[in-house]
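If you're matching positions, the sequence shown starts at 7 in the working numbering and goes up one per residue. Where is the CB? At the ideal position from N, CA and C, for every residue including glycine. As the structure is a computational prediction, the values presented were derived from the model and not from experiment. Single-structure report; data block below.
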Amino acid sequence: MEKKLSEVIKEYDQIIVGIGNEWDWIKAGIKGDERYHELLQYCEDESNKWLLPIIEFEYGYYHNDEKVDDAYRGLRKLIGDKPHFLISETFIHDAILDGFEEMNCVYPCGNYRYLQTNDLDDDLLDVTITEDFNGIVSRIHKIITERGGHLKEGESFYKPFQDGKSLFLNQKRPEYSNIKYNESAYLDNWDRYTRFLSGTMGKSLLLLELGVSLDHPTVIRWPFEKVAFVNNKAHLIRVHEKLYHHTPEIKEKTDSIQMNSVNYILQESEGL
Numbered sequence: 007m008e009k010k011l012s013e014v015i016k017e018y019d020q021i022i023v024g025i026g027n028e029w030d031w032i033k034a035g036i037k038g039d040e041r042y043h044e045l046l047q048y049c050e051d052e053s054n055k056w057l058l059p060i061i062e063f064e065y066g067y068y069h070n071d072e073k074v075d076d077a078y079r080g081l082r083k084l085i086g087d088k089p090h091f092l093i094s095e096t097f098i099h100d101a102i103l104d105g106f107e108e109m110n111c112v113y114p115c116g117n118y119r120y121l122q123t124n125d126l127d128d129d130l131l132d133v134t135i136t137e138d139f140n141g142i143v144s145r146i147h148k149i150i151t152e153r154g155g156h157l158k159e160g161e162s163f164y165k166p167f168q169d170g171k172s173l174f175l176n177q178k179r180p181e182y183s184n185i186k187y188n189e190s191a192y193l194d195n196w197d198r199y200t201r202f203l204s205g206t207m208g209k210s211l212l213l214l215e216l217g218v219s220l221d222h223p224t225v226i227r228w229p230f231e232k233v234a235f236v237n238n239k240a241h242l243i244r245v246h247e248k249l250y251h252h253t254p255e256i257k258e259k260t261d262s263i264q265m266n267s268v269n270y271i272l273q274e275s276e277g278l
């Protein structure tokens, strides 16, 4: 793409941003921190996989990533006052903390705000006031900070419970393949998103896809391709280190950029 992203954005009336796993600094951070090595090994056992989301919660609660924060702030400045919506396949609501309005963001794959049971009739629970869950998080944190991440011989963990039911983070993920995902947390914003999307037909629309994987292709990747195909005034910019390729049907309406999407936004927003 010859033009700067800021110049391209000026050419379009509306923008939809898709955020993918390249922006998930929690997974990357844990893998790079040796203190979490034994805990990750523990989670490799099929019966212990349920613990991994809680380990990720602990890491996210006690850490942050300034690079990703700067990228979200830069992205928000690039968009400016253009009508926009952000859809993310991550669980981290960093965009909302870094300048985006919550009513213009949707996280259909889950969040770190709520816990759920396997019963879809049960209400979601706030993670901050759920004692059993927070007890496990505190225990993980002490293992990391006081023991350098070392587990005692035969050490094990037990699933958090409340009212006799197991609790899980409200997320759609492989470790919860046998859990019924409770979608109630994002449905209101999903309705806003679908209304925004339907209002873009026949209008100049920029689809900015940043670091989106193939983990949930029906959430962002395939729908973005479909919109680019059916809307004659739509254009797709797909940025990813590895998964940057586009389909032949939208070749003339797509810019594919082989680059880490966080670095790309930092580069394109520099000086704003």
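- Counted as a single uninterrupted DSSP element, the alpha helix (DSSP H) harbouring SER204 occupies residues 193-204.
- For the pair ILE93 and ILE226, the CB atoms are nearer than the 8 Å cut-off.
- Rounded to the nearest whole angstrom, the CA to CA distance from GLU40 to GLY155 is 8 Å.
- By the Cβ criterion, the region 203-217 is not in contact with the region 162-174, since fewer than three pairs of Cβ atoms, one from each stretch, lie closer than 8 Å.
- Secondary structure remark: continuous beta strand (DSSP E) runs of at least 3 residues inside the region 123-179, in chain order: 174-177.
- Counted as a single uninterrupted DSSP element, the alpha helix (DSSP H) harbouring VAL268 occupies residues 267-275.
- In the pairwise beta carbon analysis, the region 251-267 is classified as not touching the region 56-70: fewer than three pairs are separated by under 8 Å.
- In this model, ASP75 and ASP138 are separated by some 31 Å (Cα to Cα).
- Per DSSP, the unbroken beta strand (DSSP E) holding GLY24 starts and ends at 20-25.
- CA-to-CA, the gap between ARG119 and ILE15 works out to about 32 Å.
- Under the three-pair Cβ rule at 8 Å, the region 85-102 counts as touching the region 17-32.
- Taken through DSSP and simplified to helix, strand or coil, TYR187 comes out as coil.
- Taken through DSSP and simplified to helix, strand or coil, ILE263 comes out as strand.
- Following the DSSP letters along the chain, one finds ILE243 inside the beta strand (DSSP E) bounded by residues 240-246.
- Taking a contact to require three or more Cβ pairs closer than 8 Å, the region 146-162 and the region 223-239 do not qualify as touching.
- DSSP places SER210 in the coil class of the three-state scheme, outside both helix and strand.
- Around the beta carbon of PRO180, a 10 Å sphere encloses fewer than 16 other beta carbons of the protein chains shown; the residue is thus reported as exposed.
- Only residues of its own chain outside the window of five on either side were considered, and among them ILE21 have a CB closer than 6 Å to the CB of LYS88, listed in chain order.
- A Cβ-Cβ distance of about 7 Å is found for the pair VAL268 and LYS73, placing them in contact under the 8 Å criterion.
- DSSP places GLY35 in the helix class (H, G or I) of the three-state scheme.
- No Cβ-Cβ contact shorter than 8 Å links PHE63 with GLN122.
- Residue pairing by DSSP places GLY105 opposite no residue, since no beta bridge is assigned to it.
- Under DSSP, GLU215 forms a beta bridge with GLY24 and ARG244.
- At the C-beta level, ILE185 and ASN117 stay beyond 8 Å of one another.
- Per DSSP, the unbroken alpha helix (DSSP H) holding LEU11 starts and ends at 11-16.
- Under the three-state reduction of DSSP output, GLY86 falls in the coil class, being neither helix nor strand.
- Between the alpha carbons of SER190 and GLU8 lies a distance of about 42 Å.
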